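Single-structure report; data block below.
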Amino acid sequence: MIEVKDLSFQYDEATVLENVSFTARPGEITAVVGANGAGKSTLLKCISGFEKASGTVKICGQDVSHLSREKLAGTMSYLGQCTDCEAELNVYEVVLLGRLQRLSFRVTDDDIQKVNAILTQMSLEPFANRNISELSGGQRQLVFIAQTLIKDPQVLILDEPTSALDLRRQFEIMEFLQKITKERMLTTLVTLHHLDIAAKYADHVVVLADKRVYTEASPAAAFTEKMLHDVYEVEAEVYTDRRDERHIVALGAISL
Numbered sequence: 004m005i006e007v008k009d010l011s012f013q014y015d016e017a018t019v020l021e022n023v024s025f026t027a028r029p030g031e032i033t034a035v036v037g038a039n040g041a042g043k044s045t046l047l048k049c050i051s052g053f054e055k056a057s058g059t060v061k062i063c064g065q066d067v068s069h070l071s072r073e074k075l076a077g078t079m080s081y082l083g084q085c086t087d088c089e090a091e092l093n094v095y096e097v098v099l100l101g102r103l104q105r106l107s108f109r110v111t112d113d114d115i116q117k118v119n120a121i122l123t124q125m126s127l128e129p130f131a132n133r134n135i136s137e138l139s140g141g142q143r144q145l146v147f148i149a150q151t152l153i154k155d156p157q158v159l160i161l162d163e164p165t166s167a168l169d170l171r172r173q174f175e176i177m178e179f180l181q182k183i184t185k186e187r188m189l190t191t192l193v194t195l196h197h198l199d200i201a202a203k204y205a206d207h208v209v210v211l212a213d214k215r216v217y218t219e220a221s222p223a224a225a226f227t228e229k230m231l232h233d234v235y236e237v238e239a240e241v242y243t244d245r246r247d248e249r250h251i252v253a254l255g256a257i258s259l
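Residue numbers for the sequence shown follow this note's numbering, beginning at 4 and rising by one.
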């Protein structure tokens, strides 16, 4: 579980986040959404301990500010937006590096089995011996997601995990994250740009606007025409399709 209470953060004199509070629960995908510059990525860095914020962040009941980097890494996996990698490593080696906190200088049979299993689950076996620098942005994104999952975290934090993927791959990776979140009872926190993807796969949505939480609710309650007007400054229609799934259609920018 992730519990955030009254989190505030400043860059120099500029306030980025102010009194942000919400809860992300095990077995659920919690999606953080909002317009560009709303502080979504900064929020994830604050929760993960990469930025120092005021307020309280608890992961699995423990205050992040009281945890060592090693202890936090044993509980949580974080993947930022940047997946550039200049190291001369192949895909297999990059994924194996996710086991580092559990490795000495010896790779065990269990480590090998886990790497093989996650590569199979994510359809990455054909790339196992390819250098990571030779892959497309979308392929690298999948490799680094595999690296975060191989750590067997209790909490998974992903900043725009679908950003470099084509539409089919977005569906595939979100279906995989949804499945593994429920199977392993992970607390999965993601930022998403594509609102239809968030509406389809998130169990819970946190909408950021004006440095604060605009609303925290289910996708059905969060994605409303009023929210899209207030937060994204667009006129939009929200409808439910024949499979009872919610969709957002932006009709145009509102006049300011």
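Cβ atoms here follow ideal geometry from the backbone N, Cα and C, with glycine treated the same way.
Predicted model only: the values in this text are computed from it and were never measured.
Span of the beta strand (DSSP E), counted from its first residue to its last, around residue i
{"i": "VAL13", "result": "In the sequence on display, residue 13 carries Gln and not Val. That run of the beta strand (DSSP E) goes 5-14."}
{"i": "LEU198", "result": "First-last for LEU198: 198-204, but that is the alpha helix (DSSP H), not the beta strand (DSSP E)."}
Straight-line Cα distance separating residue j from residue i
{"i": "MET230", "j": "ILE257", "result": "13 Å"}
{"i": "ASN134", "j": "LEU92", "result": "6 Å"}
{"i": "ALA224", "j": "LYS203", "result": "13 Å"}
{"i": "GLU21", "j": "LYS48", "result": "15 Å"}
{"i": "GLY141", "j": "LEU122", "result": "15 Å"}
{"i": "ILE5", "j": "ALA76", "result": "15 Å"}
{"i": "ASN132", "j": "ALA17", "result": "46 Å"}
{"i": "THR190", "j": "LYS182", "result": "12 Å"}
{"i": "HIS69", "j": "ILE62", "result": "11 Å"}
{"i": "TYR242", "j": "ASP213", "result": "26 Å"}
{"i": "ALA120", "j": "MET188", "result": "19 Å"}
{"i": "LEU138", "j": "ALA239", "result": "37 Å"}
{"i": "ASP199", "j": "HIS232", "result": "16 Å"}
{"i": "SER11", "j": "ASP206", "result": "25 Å"}
{"i": "SER71", "j": "VAL110", "result": "25 Å"}
{"i": "ALA150", "j": "LEU168", "result": "Inspection of the sequence shows that residue 150 is occupied by Gln rather than by Ala. Roughly 17 Å between the two C-alpha positions."}
{"i": "GLU186", "j": "MET125", "result": "16 Å"}
Limits of the alpha helix (DSSP H) - the one that residue i falls within
{"i": "GLY180", "result": "Note that residue 180 is Leu in the sequence shown here, rather than Gly. Counting along the chain, the alpha helix (DSSP H) containing LEU180 begins and ends at 170-187."}
{"i": "THR260", "result": "Residue 260 cannot be examined here, being either before or after the span of the chain that is shown, 4 to 259."}
{"i": "ARG143", "result": "140-152"}
{"i": "ALA256", "result": "Premise fails: ALA256 lies in the beta strand (DSSP E), 249-256, not in any alpha helix (DSSP H)."}
{"i": "ALA167", "result": "Looking at the DSSP string, ALA167 is not in any alpha helix (DSSP H), and its letter there is neither H nor E."}
{"i": "ALA225", "result": "222-225"}
Buried versus exposed call for residue i [16 or more other C-beta atoms within 10 Å across all chains shown]
{"i": "GLY40", "result": "exposed"}
{"i": "LYS117", "result": "buried"}
{"i": "ILE115", "result": "exposed"}
{"i": "MET177", "result": "buried"}
{"i": "GLY37", "result": "buried"}
{"i": "LYS74", "result": "exposed"}
{"i": "PHE53", "result": "exposed"}
{"i": "GLN144", "result": "buried"}
{"i": "TYR95", "result": "buried"}
{"i": "GLN65", "result": "exposed"}
{"i": "LEU152", "result": "buried"}
{"i": "PRO129", "result": "exposed"}
{"i": "ARG102", "result": "buried"}
{"i": "GLU163", "result": "buried"}
{"i": "LYS154", "result": "buried"}
{"i": "TYR81", "result": "buried"}
{"i": "LEU180", "result": "buried"}
As assigned by DSSP and simplified to three states, the class of residue i
{"i": "GLY77", "result": "helix"}
{"i": "HIS232", "result": "helix"}
{"i": "THR45", "result": "helix"}
{"i": "ARG261", "result": "Outside the modelled stretch of the chain, which goes from 4 to 259, sits residue 261, for which no answer is possible."}
{"i": "ARG72", "result": "helix"}
{"i": "PHE130", "result": "helix"}
{"i": "GLU91", "result": "coil"}
{"i": "GLU31", "result": "strand"}
{"i": "GLU238", "result": "strand"}
{"i": "GLU21", "result": "strand"}
{"i": "GLU219", "result": "strand"}
Presumed contact (8 Å Cβ cut-off) between residue i and residue j, rounded CB distance
{"i": "VAL209", "j": "VAL216", "result": "6 Å"}
{"i": "THR218", "j": "HIS197", "result": "Actually they are not in contact, since the Cβ atoms of THR218 and HIS197 sit about 19 Å apart, beyond 8 Å."}
{"i": "ALA201", "j": "LEU192", "result": "Contact doesn't hold; Cβ gap of about 12 Å is too wide."}
{"i": "LYS43", "j": "SER24", "result": "At roughly 16 Å, the Cβ-Cβ gap does not stay under 8 Å, so LYS43 and SER24 are not in contact."}
{"i": "ALA303", "j": "VAL237", "result": "Because the chain spans 4 through 259 in this model, residue 303 falls outside it and cannot be assessed."}
{"i": "THR78", "j": "PRO29", "result": "THR78 to PRO29, Cβ: 12 Å. No contact."}
{"i": "ILE32", "j": "THR184", "result": "6 Å"}
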